[in-house]
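Below: one structure, written as structure tokens.
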Amino acid sequence: MRGLSLVELMVAMALSLVLLLGVVQIFVANRQSIRIQDGVTVLQENGRYALDQLAYSLRMADFWGASVPGDVVVDTGLGAISGDCTEVPVTRREGVEAVEGASASPISSCLADADYYAGADLDGSGAVDADERPDVLVVRHAQATAVAPADLALAANADRIFLETVPGGRGCIAKGSRLDPGAATKASCKAPSGVTSYVYPYSATLYFVRPCAVKGGITCSASSDGGSPVPTLVRMTLQEDELVEQALVSGVENLQVRFRTEGDTAFVDPGAVSDWGDVEAVEVSLTVRAEARDPTMTGSGPADGYIRRTFRTVVLLRNRAQAR
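With the numbering used here applied, the sequence shown covers 193 to 516.
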């Protein structure tokens with residue numbers, strides 16, 4: 193009985209290394225596949241969540257309690273809203289409105305160019321097309337839960353904006369301090385004493401795409417998000433008497449909205465809407481990219497290794513449908 197020769201031992205070791213290398217390659221490939229699948233799952237979850245948020249907001253559009261949009265007015269003594277947009281004022285009575293995307297902020301009065309994502313070449317054409325520049329969507333309505341008139345006297349509600357609505361009559365947008373039944377100076381549009389009315393918190397939200405999720409300073413910059421800025425769907429909401437930004441979903445690269453107006457069957461871009469009060473339905477489209485790059489990714493789009501998906505939904509403005 194003899195042992196292995198040196199040559200036989202080396203051959204055995206070489207075969208073992210080949211087998212081990214194959215196992216390692218299979219492990220790495222499986223691990224990469226799992227990572228990509230996890231990324232796609234997160235991408236789909238982000239897309240669905242973003243659409244759900246936008247759809248819920250749009251379904252609430254033009255809810256003015258017991259009043260109709262044409263009967264809603266703004267208190268002449270409301271005063272300025274901190275950070276308000278002159279292009280789309282938060283207290284305008286239109287329940288839904290939008291501004292088409294551009295190469296710079298289309299609402300520059302309240303959103304700096306550095307905080308507006310001007311889009312990317314998503315179709316690989318070599319240029320950023322008009323429909324690749326994110327739109328700005330504005331939704332206004334009263335919140336669903338009424339507040340007791342006595343609560344308007346609370347200090348926390350003094351600067352908060354509310355809607356007072358009279359059944360079948362006028363709606364009044366004003367600060368709580370001027371809708372308080374005991375206020376010395378009342379809102380110009382407040383219902384007369386003795387008239388039945390209901391009060392709801394007022395809501396105004398602007399949706400847009402920002403170049404980063406977390407700002408590195410006052411605005412987005414190259415140092416944001418740890419030096420790798422990620423385009424993010426953001427909403428700007430009215431809190432008391434100022435607008436406050438809140439990041440919703442990271443990885444959103446495009447927000448496109450189109451509208452169907454009364455008597456029409458086709459959806460049109462924001463710039464083609466002549467009367468926002470005639471809008472009956474909104475088509476929302478979001479392009480979302482994965483969090484991590486896939487080095488094996490190929491296609492006609494950007495050669496940056498990101499998997500992208502486009503999510504769409506159509507929302508009927510039910511409060512307008514019911515009013516008509």
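Just so it is clear, CB atoms sit at the ideal spot from N, CA and C, and this is done for glycine as well.
Proximal residues to residue i (C-beta, below 7 Å), its chain only, five neighbours per side dropped
| i | result |
| --- | --- |
| Asp327 | Ala290, Val291, Glu292, Gly293, Leu447, Gln448, Val449 and Pro462 |
| Gly257 | Ala334, Leu355, Thr357, Gly363, Tyr390 and Tyr392 |
Buried or exposed by the 16-neighbour rule on C-beta atoms within 10 Å, applied to residue i
| i | result |
| --- | --- |
| Ser415 | exposed |
| Val474 | buried |
| Ala405 | buried |
| Tyr308 | buried |
| Thr424 | buried |
| Met202 | exposed |
| Leu235 | buried |
Straight-line Cα distance separating residue j from residue i
| i | j | result |
| --- | --- | --- |
| Ala296 | Ala375 | 44 Å |
| Gly455 | Asp496 | 43 Å |
| Val426 | Leu246 | 11 Å |
| Gly368 | Leu398 | 22 Å |
| Val329 | Val288 | Reading the sequence as shown, one finds Leu at residue 329 and not Val. Going by the C-alpha atoms only, they are around 8 Å apart. |
| Thr505 | Pro384 | 43 Å |
| Arg501 | Ala204 | 49 Å |
| Asp305 | Thr411 | 9 Å |
| Ala482 | Leu270 | 44 Å |
| Ser259 | Ala338 | 14 Å |
| Asp321 | Leu478 | 15 Å |
| Leu250 | Val507 | 7 Å |
| Phe400 | Arg325 | 11 Å |
Same chain, Cβ closer than 6 Å to residue i, five either side skipped, listed in chain order
| i | result |
| --- | --- |
| Val199 | none |
| Ala396 | Val282, Arg332 and Leu430 |
| Cys277 | Ile299, Ser301 and Cys302 |
| Val264 | Trp256, Arg285 and Gly363 |
Beta-ladder partner(s) of residue i, from DSSP
| i | result |
| --- | --- |
| Met428 | Leu398 and Glu437 |
| Thr453 | Val471 |
| Pro462 | Partner(s): none; Pro462 has no beta bridge. |
| Gln448 | Ser477 |
| Phe255 | In DSSP, Phe255 forms no bridge with anything. |
| Val215 | DSSP output for Val215 lists no bridge partner at all. |
C-beta neighbour in chain C for residue i, strict 9 Å
| i | result |
| --- | --- |
| Gly316 | Protein chain content of the structure displayed is limited to a single chain, and chain C is not contained in it. |
Please give me, in chain order, every unbroken run of the beta strand (DSSP E) with length at least 3 that falls completely inside the region 349-381. Segments of the beta strand (DSSP E) lying fully in the region 349-381: 353-357 and 363-367.
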